[in-house]
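Heads up: the structure comes next, in structure tokens.
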Amino acid sequence: MDAVLLPFRRLLQSLTFVAVLLGFTVAAKGDDFALPLAGADQLDVRVWQGDGDGPLFVWILNQYGERPGSERQAARLAERGATVWQVDLLDSLLLQRDNETARSLDGEPVAALLEAAVESGTGPVVAVACDRMSTPLLRGLRLWQERADDDTAVAGAVLFYPNLYRGTPVAGEDPELLGIAGATGLPVAVLQPELGVHRQRLNDLLDTLRQGGSVAYGWLIPRMRDYYLQYTERPNTEIFEGFGGPIPPDVREVQENTVNQLMAATRLLAAAPRADRLVALDEQAEESIDTPFGLVERPRETAPDFDLVDARGERHTLEESLGRVTLVNFWATWCPPCVYEIPSMNRLAGDYTEDEFAIVSINFKEEADHILSFMEDVQVDFPVLMDLDGSVAGEWRVFAFPSSFLLDRQGRIRYSVNAAIEWDTEEIRRVIDRLREEG
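Convert by adding 49 to the 1-based position in the sequence shown; the result is the number in this note's numbering.
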């Protein structure tokens, strides 16, 4: 485990923060309220009121509006005496639920929430968000700091699997962090699932936060994937249907321990030092980047090597691809767009002999038995290699799933795609045929 990561078990022991010693209180649903903003806007705030004197968690709901998992955590926190204000920013502001909207949202709504939370007298105040909603949260923290007379009233932020990037880069290029990641002065705790998409980038994120004046802590959540908090029996949004049904025992255990993590993180954040001053915000880095779609031509660079075992136990290397055009596809079974493009990839593979063209599928951090079970329901006509620790995806600079790379006969990357596409089109075949004809 990286030296910068502090396991929660050790943290809890060091803080001697044991629920039995504190006792449990009865959770009560508080009085929801509307917080007016400038103009005619308002934020609809749902309240869980604990029978205690704090802390107060200002919880920004995920960009998809999935509620059950977050509401369950709010109820558990209230049972421990904490108060939770939960807000769906996109719903309150009547904004579209998409990545760009979440990424471009300014910090005014969150700053207003923090001001109201401080004025309530309950504290310390801790801001909580996940994924792309971490961006408006950090922007709100910065605005609140600029206006606050005493910046110790807000302990800091807890970010679950944050996505603080300017957008999805061309597959094979490194992503860029938004400017706010390097301009947040309050303490920040990042809870990163061990099997999450951005696990390999955690150290870079922590370094950027620290360069911006934050005391930043990073903790791995063992064996979990992104959005593990949203596993629930009955999701309320279509996008989380794959997280529905009986909750796996290991996921349930981690979910139930999340309240301990949040309460302990609160104590740690509240005790952390503050930056003397805010660093300048790189406004240019706050702008989103355009996400290209479809095949993008790439410089002729030799593809990173790999030596992986497939789900059926056979070993494969990049050397096998030499002499033929090869499509290398990074994917996961939990990714609907990844599954969507499999049939067209099957059809494309069927148009060529193995000496002319091949597909190499590299699965991200899933075990053989799970992949084989998936293949009983979904036909896959090419080998599925297992990148169990995500290191190969990291070497290929995979940011989003699916990501695909088209290699020429010399094993050089010639094209890449950072989204699902229909592969059996005349355009794709023309590109493959042109690469086949090259010397």
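Idealized CB from N, CA, C, for every residue including glycine.
Residue pairing by DSSP leaves A204 without any beta bridge partner.
Secondary structure in the segment 211-278: the alpha helix (DSSP H) runs of 4 residues or longer, each lying completely within the stretch, are 251-260 in chain order. For E350, the pairing in a beta bridge is given by DSSP as I462.
Here DSSP, grouped into helix, strand and coil, assigns V427 to coil. Under the 10 Å beta carbon count, V107 is surrounded by 16 or more other beta carbons and is classified as buried.
Taking P451 as reference, the option from G460, E346, A352 and N467 with the minimal CA-CA separation is N467. DSSP assignment within the segment 109-190 yields the following whole alpha helix (DSSP H) runs of 4 residues or more, N-terminal first: 117-128, 138-141, 148-153 and 157-168. Taking R283 as reference, the option from E120, E471 and E475 with the minimal CA-CA separation is E120. Beyond the five residues adjoining it in sequence on each side, I296 comes within less than 8 Å, by CB distance, of Y280, T281, E282 and Q304 in the same chain, given in chain order.
Assigned with DSSP and collapsed to three states, D356 falls in strand. Exclusion of the five residues before and after P224 leaves Y214, P218 and F448 as the residues of its chain whose Cβ lies within less than 6 Å of its Cβ.
If you compare the alpha carbons of D356, H419 and V427 with that of V409, the shortest gap goes to D356.
With 16 or more other Cβ atoms inside 10 Å of its own Cβ, V177 counts as buried. Rounded to whole angstroms, I391 and I462 show a C-alpha spacing of 21 Å. In the displayed model, V441 falls within a helix according to three-state DSSP. Taking P386 as the centre and dropping the five residues before and after it, the same chain places the C-beta of P451, A468 and A469 closer than 7 Å to its C-beta, in chain order.
Straight across, the Cα-Cα distance linking P211 with R188 is about 14 Å. Partner residues in a beta bridge of N285, as assigned by DSSP, do not exist. By the 16-neighbour rule on beta-carbons within 10 angstroms, R181 is buried. A check of alpha carbon separations from A265 across Y277, M273, R274 and Q241 identifies Q241 as the nearest. At a Cβ-Cβ threshold of 8 Å, E115 and N306 do not count as neighbours. Secondary-structure assignment with DSSP links S452 through a beta bridge to F379. Setting aside the 5 residues that flank it on each side, F209 is surrounded in the same chain by C179 and L240, each with a C-beta closer than 6 Å to its C-beta; the list follows chain order. Cβ-Cβ distances below 8 Å link T171 to D102, G103, P104, L105 and T132 in the same chain, with the five nearest sequence neighbours on each side left out; the list follows chain order. L163 places its beta carbon 8 Å or farther from that of L138. Counted as a single uninterrupted DSSP element, the beta strand (DSSP E) harbouring V96 occupies residues Q91 to Q98. Taking a contact as a CB-CB distance under 8 Å, the pair D436 and N412 counts as one, their CB atoms being some 6 Å apart. For the pair V174 and A314, the CB atoms are not nearer than the 8 Å cut-off. Collapsing the DSSP output to three states places N412 in a strand. Boundaries of the beta strand (DSSP E) harbouring R364: R364 to T366, taken from the DSSP string. For D436, the enclosing beta strand (DSSP E) stretches over residues V433 to D436. Note that the segment 227-240 touches the segment 254-272; at least 3 beta-carbon pairs, one per stretch, sit closer than 8 Å. DSSP places L317 in the uninterrupted alpha helix (DSSP H) bounded by P298 to A320.
Taking C-alpha positions only, P432 is separated from D359 by approximately 6 Å. Around the Cβ of L421, a 10 Å sphere holds fewer than 16 other Cβ atoms; the residue is exposed.
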